[in-house]
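Numbering (the numbering used here), first residue to last: 15 to 381.
Ideal placement from N, C-alpha and C gives every residue a C-beta, glycine not left out.
Since we're looking at a predicted model, the values are computed, not measured.
Notes follow once the structure below has been shown.
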Amino acid sequence: MPTRKAAATTLPPSRPAEILAFKTPRPPGSVISVLDLSLENISDILALATLLEKEDPLLRMQRLLKRKVALLFYESSTRTRTSFEFAAKALGADTALISSQSSSIEKGESLKDTGITLKALGAECIILRHLSSGAPYLLEQATGLPVLNGGDGTHEHPSQALLDLRTMLAHLRGGETAVTEKTLEGVTISIVGDILHSRVARSNALLLPLLGARVILCGPSALLPEVASTIGPGITIERDFDKALAASQVVMILRIQAERLAGLHLDLEDYKSRYQANAPRMAAYAPKALLMHPGPIIRGLELTSEVADGPQSLIAEQVSHGVAIRMALVARALHAAGGVSAKPESSAKATSAKSASAKPAKKARRA
Ligand code: CP
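As structure tokens, this is what we get:
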């Protein structure tokens, strides 16, 4: 069994926006939490993602031609960083990648000053990954620019939750984009593993019940404190992985975040025996469930290679959905910031799409 030497309760409320006193209005187009988005916003983002994915690449490049997007990554990333960069470039934007190594961050420059510098250089939108929960709100306030949260500490990873949603909708709802509070009614999603340190778990647990899904959080108490059920409505806790599997149409496996385990010592063999997604377990309890993982995966720990590469696995497909979702988020951020229309005049396909309007939220709930 896992044992804990130092208590870590970073789960709810962990709502940095409620703690920070905003001095200026938040820029439209920022997405720092899934709670920034209404169902109407989510539908627009999903529809825009589909439109942009299908669009002629040369027309698509006109949308944000020569606009400037900065990617500010203080923490390592493969999927989020690459897909945001591909997404911005596919829309014609110029991108600059700033990482904590090889930039003035190494010399002690603050996040605020780095943000002000990027704005002075012409950046119109910043995509931020940061070790600290709430850092995107500080950057947004310091710059007045739309900020897209590429994962902040243990807080949120909203673009991951949106691409996870798009993946589920592709398999369960024929690629539906116009979502309502009933779209995922009757669907149970189990999120399994290191919930305590997972921004992906929080964003999904906040997002999926909005569409009517039931979310089960599953893991040992050291990685899943009881308080996690209060992240939001529609969430329950199940310690028995086999029972969670048997109840689920979708199983989302999480990595144990070794880099955030300070003070926590896990018996990995015990963890594997109770929570590893392996072929016999999937066959016995969830032979038809969709198997998801945000990545990076640790083969042989939270799941076996047989499962990761097996017919139920959507792991690579999730990554592909990331580019479409992030194109929509970048287009929306720059359009909402007062730039060129998200509908090029020359694109008949684009002009016919209601979703391309990237209109501001009618009922946006700000975190
Ligand atoms: N899912 C995810 O955020 O992966 P990266 O850390 O590689 O970006």
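Residue i classed as buried or exposed, judged by whether at least 16 other C-beta atoms fall within 10 angstroms
i	result
Val45	buried
Phe382	Residue numbering for the chain in the displayed model covers 15 to 381; residue 382 lies beyond these limits and cannot be assessed.
Met15	Per-residue confidence for Met15 stands at a pLDDT of 43, beneath the threshold of 50, marking its modelled position as unreliable; no derived number is given.
Phe98	buried
Val229	buried
Pro325	exposed
Ser366	Low per-residue confidence applies at Ser366: pLDDT is 37, beneath 50, and the placement is therefore not dependable enough to give any value.
Lys82	buried
Ala297	exposed
Thr181	buried
Arg77	buried
Asp208	buried
Pro310	exposed
Val241	exposed
Ser116	exposed
Ile312	exposed
Thr38	exposed
Pro223	buried
Pro160	buried
Leu135	exposed
Ala370	Interpretation of Ala370 is limited by its pLDDT of 37, a score under 50 that renders its predicted location unreliable; no figure is taken from the coordinates.
Gly189	exposed
Ala63	buried
Leu65	buried
Asp284	exposed
Ser118	exposed
Leu225	buried
Continuous beta strand (DSSP E) stretch holding residue i: start and end
i	result
Phe87	82-87
Val206	202-206
Ile130	No beta strand (DSSP E) holds Ile130; the alpha helix (DSSP H) holding it covers 125-134.
Identified DSSP bridge partners for residue i
i	result
His144	Asp166
Arg313	Leu317
Ser327	Leu305
Val193	In DSSP, Val193 forms no bridge with anything.
Val4	Only positions 15 to 381 of the chain appear in this structure, which leaves residue 4 out of reach.
Val344	Paired residues: none, contrary to the question.
Unbroken alpha helix (DSSP H) run spanning residue i, endpoints
i	result
Val48	Per DSSP, Val48 belongs to no alpha helix (DSSP H) and is neither H nor E.
Asp178	172-186
Ala149	149-157
Thr92	No alpha helix (DSSP H) contains Thr92, which DSSP labels as neither H nor E.
Ala113	For clarity, residue 113 is Ser in the given sequence; the question names Ala instead. Counting along the chain, Ser113 falls outside any alpha helix (DSSP H), though it belongs to the beta strand (DSSP E) covering 108-113.
Leu79	That residue, Leu79, is in no alpha helix (DSSP H); it is neither H nor E in DSSP.
Ala215	213-221
Residue i versus the options, residue with shortest Cα-Cα distance
i	options	result
Leu105	Leu304, Pro71, Ala242, Ser287	Pro71
Lys126	Gly136, Ser117, Ser114, Thr157	Thr157
Thr191	Ser114, Leu179, Thr38	Leu179
His171	Ala149, Ser217, Leu135, Met296	Ser217
Arg288	Ile311, Ser262, Val206	Val206
Glu273	Arg253, Ile141, His211	His211
Pro294	Ala330, Leu145, Glu240, Ser319	Ser319
Ala196	Arg40, Ala84, Ala227	First, the residue type needs correcting, since residue 196 is Lys and not Ala in the sequence shown. The shortest C-alpha separation from Lys196 is found at Ala227.
Ser57	Gln290, Met306, Ile339	Ile339
Pro144	Met341, Val161, Gly165	The sequence shown places His at residue 144, rather than the Pro named in the question. Nearest option by C-alpha distance: Gly165.
Asp256	Ala300, Ala330, Leu66, Glu154	Ala300
Asp50	Pro308, Tyr151, His335	Tyr151
Ile245	Ile312, Val264, Gly188, Leu221	Leu221
Leu142	Leu135, Gly122, Ala110	Ala110
Leu278	Leu238, Gly188, Leu305, Gly336	Leu238
Arg93	Gln174, Leu317, Ala184, Pro234	Gln174
Phe36	Gln155, Leu73, Leu60	Gln155
Val48	Leu177, Ala137, Lys68, Leu85	Leu177
Ser124	Ser147, Leu153, Ala261, Thr96	Leu153
Ala465	Gln263, Arg213, Arg40, Ala61	No answer is possible for residue 465: the residues shown for the chain start at 15 and end at 381.
Ile267	Ala84, Gly314, Ile112	Gly314
Leu259	Val344, Thr202, Gly248	Thr202
Asn163	Ile249, Arg95, Ile329	Arg95
Pro41	Ala291, Cys139, Asp281, Ala303	Cys139
Cutoff 8 Å: residue i Cβ touching any chain C Cβ
i	result
Leu225	Chain labels in this structure do not include chain C; a single protein chain is all it has.
Closer than 7 Å: residue i CB and nearest ligand 3 heavy atom
i	result
Pro310	Among the ligands present in this structure, namely ligand 1, ligand 3 is not found.
Which residue spans inside the segment 223-311 form an unbroken alpha helix (DSSP H) run of at least 4? Counting only runs of 4 or more, we get 255-260, 282-289, 293-299.
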